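Trainee:
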Amino acid sequence: MAGTLALVGAGEFLDSMSAVDRQLLDRAAGSQVVILPTASAPDGAGVPERWIKLGVDHFTRLGAQAAGLLALDRAACDDPANADRVRAANLVYFSGGKPDFLRQTLTGTAVWSAVCEVFDRGGVIAGCSAGAMIMGGYVPEFSLKAGVPWITRWHPSFALLPDAIVMPHYDEFPEVMVSLMLGRRPSGSYLIGIDRHTALVGLDHAWQVWGAGRVTVRRGRAKQRYTAGAAISLIS
Numbered sequence: 003m004a005g006t007l008a009l010v011g012a013g014e015f016l017d018s019m020s021a022v023d024r025q026l027l028d029r030a031a032g033s034q035v036v037i038l039p040t041a042s043a044p045d046g047a048g049v050p051e052r053w054i055k056l057g058v059d060h061f062t063r064l065g066a067q068a069a070g071l072l073a074l075d076r077a078a079c080d081d082p083a084n085a086d087r088v089r090a091a092n093l094v095y096f097s098g099g100k101p102d103f104l105r106q107t108l109t110g111t112a113v114w115s116a117v118c119e120v121f122d123r124g125g126v127i128a129g130c131s132a133g134a135m136i137m138g139g140y141v142p143e144f145s146l147k148a149g150v151p152w153i154t155r156w157h158p159s160f161a162l163l164p165d166a167i168v169m170p171h172y173d174e175f176p177e178v179m180v181s182l183m184l185g186r187r188p189s190g191s192y193l194i195g196i197d198r199h200t201a202l203v204g205l206d207h208a209w210q211v212w213g214a215g216r217v218t219v220r221r222g223r224a225k226q227r228y229t230a231g232a233a234i235s236l237i238s
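Take any residue in the sequence shown, count from 1 to its spot, add 2: that is its number in my numbering.
1) For His60, which option in Ala43, Asp23, Arg76 has the closest C-alpha, if you only look at C-alpha atoms?
2) Of the residues Leu163, Ala132, Pro188, which one's Cα is nearest the Cα of His157?
3) With DSSP as the reference, please indicate the residues paired to Ala233 in a beta bridge.
4) Nearest-angstrom Cα distance between Ser183 and Ile153?
5) In whole angstroms, what separates the C-alpha of Thr229 from that of Gly213?
6) Nearest-angstrom Cα distance between Ala8 and Ile194?
7) Do you know how far the Cα of Ala166 is from the Cα of Ala85?
8) Please list the terminal residues of the continuous alpha helix (DSSP H) segment that includes Ala166.
9) Three-state secondary structure (DSSP) at Gly70?
10) Report the rounded CA-to-CA distance for Tyr95 versus Gly231, giving the unit in angstroms.
11) Given that a residue counts as buried once 16 or more other Cβ atoms are within 10 Å of its Cβ, and exposed if not, what is Val16?
12) If Gly57 sits next to Gly70, beta carbons under 8 Å apart, how far is it from one beta carbon to the other, in whole angstroms?
13) Under the rule that 16 or more other beta-carbon atoms within 10 Å means buried, what is Thr40, buried or exposed?
14) Would you give the residue range spanned by the alpha helix (DSSP H) that Lys55 belongs to?
15) With a threshold of 7 Å on Cβ separation, who are the neighbours of Arg105 within its own chain once the five nearest residues in sequence on each side are excluded?
16) Which full runs of the alpha helix (DSSP H) of 4+ residues lie inside the stretch 85-136, going along the chain?
17) Do you know how far the Cα of Lys225 is from the Cα of Ala201?
18) State the DSSP-derived secondary structure class of Ala43, mapped to helix, strand or coil.
19) Which same chain residues, not among the five before or five after Ala132, have their C-beta less than 7 Å away from its C-beta?
20) From this set, Pro164, Val49, Leu26, which residue's C-alpha is nearest His207's C-alpha?
21) For the alpha helix (DSSP H) containing Ala201, list its first residue and its last residue.
22) Starting from Ala224, follow its DSSP beta bridges and name the residues at the other end.
23) With DSSP run on the structure shown, which of helix, strand or coil describes Pro188?
24) May I have the straight-line CA-CA distance separating Met179 from Ala43, to the nearest angstrom?
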């Protein structure tokens with residue numbers, strides 16, 4: 003890990019995350035921020051633009067030079083001009099939405115290659131909700147069953163955290179529901195549950211909890227919880 007990876011459970015661009023994001027800007031060693039609302043494209047017209055406005059306003063208040071990038075499909079994510087805009091950033095932020103759509107849209111594109119370049123040269127990659135989920139080893143595909151979303155299959159993802167399944171909004175789900183949803187997760191995988199207003203931040207393979215909530219790590223039947231400031235070992 004050359005750069006810093008920040009996985010946010012929920013609450014992107016809210017005042018509750020200002021302290022975390024100030025620290026991320028310090029880590030970024032530069033103030034150029036790009037907001038990518040790609041995961042929200044399936045939510046309809048105007049939604050990605052709303053996320054960009056929230057993100058730009060938030061980071062501008064923190065003293066950054068922030069801009070949004072409406073790369074909402076594979077063609078836009080493969081556009082060299084869009085990749086150049088990402089490459090020029092010190093901090094790239096993926097907001098929430100649909101995780102499998104985000105994975106499919108980014109895979110093998112110029113924009114994702116540019117994200118990796120930012121990371122490799124020591125920049126910060128942050129993802130909230132769906133944006134955090136794609137950083138693990140696997141992303142779920144959902145279908146509705148009696149009006150309730152259930153996981154029907156798993157897809158390999160970008161594996162910046164190999165073998166991990168990242169579950170945002172973790173404090174919003176009963177433990178029983180989590181066990182039912184993830185009972186058939188891929189062999190060898192483990193779960194990282196991240197609460198709202200909370201980030202799991204990694205640099206040089208050292209991981210720490212930032213923010214108001216907890217991070218839960220589940221390996222088989224073993225479960226460990228960590229609060230702000232706690233160091234976590236995530237060696238697979």
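Ideal Cβ placement from N, Cα and C applies to all residues, glycine included. All values reported here derive from a predicted model rather than from experimental measurement.
Mentor: Taking the geometry as given:
1) Selected option, being the one with the closest Cα: Asp23.
2) Pro188
3) Gln210
4) According to the sequence provided, residue 183 is Met. The question's Ser does not apply to it. Roughly 7 Å separates the two Cα atoms.
5) Whole-angstrom Cα-Cα distance: 8 Å.
6) 13 Å
7) 27 Å
8) Taken as a continuous stretch (DSSP letters only), Ala166 belongs to no alpha helix (DSSP H), being part of the beta strand (DSSP E) at 166-169.
9) strand
10) If I take the Cα positions, the gap works out to 22 Å.
11) According to the sequence displayed, residue 16 carries Leu and not Val. Burial call: exposed.
12) 6 Å
13) buried
14) 49-63
15) Correct list, in chain order: Ile136, Val141, His157, Ser159.
16) 101-108, 112-122, 132-135
17) 18 Å
18) Taken through DSSP and simplified to helix, strand or coil, Ala43 comes out as helix.
19) Ala41, Gly98, Gly99, Lys100, Pro101, Leu104
20) Pro164
21) Element bounds for Ala201: not the alpha helix (DSSP H) but the beta strand (DSSP E), 200-205.
22) Arg221
23) coil
24) Our two residues, Met179 and Ala43, have alpha carbons roughly 27 Å apart in a direct line.
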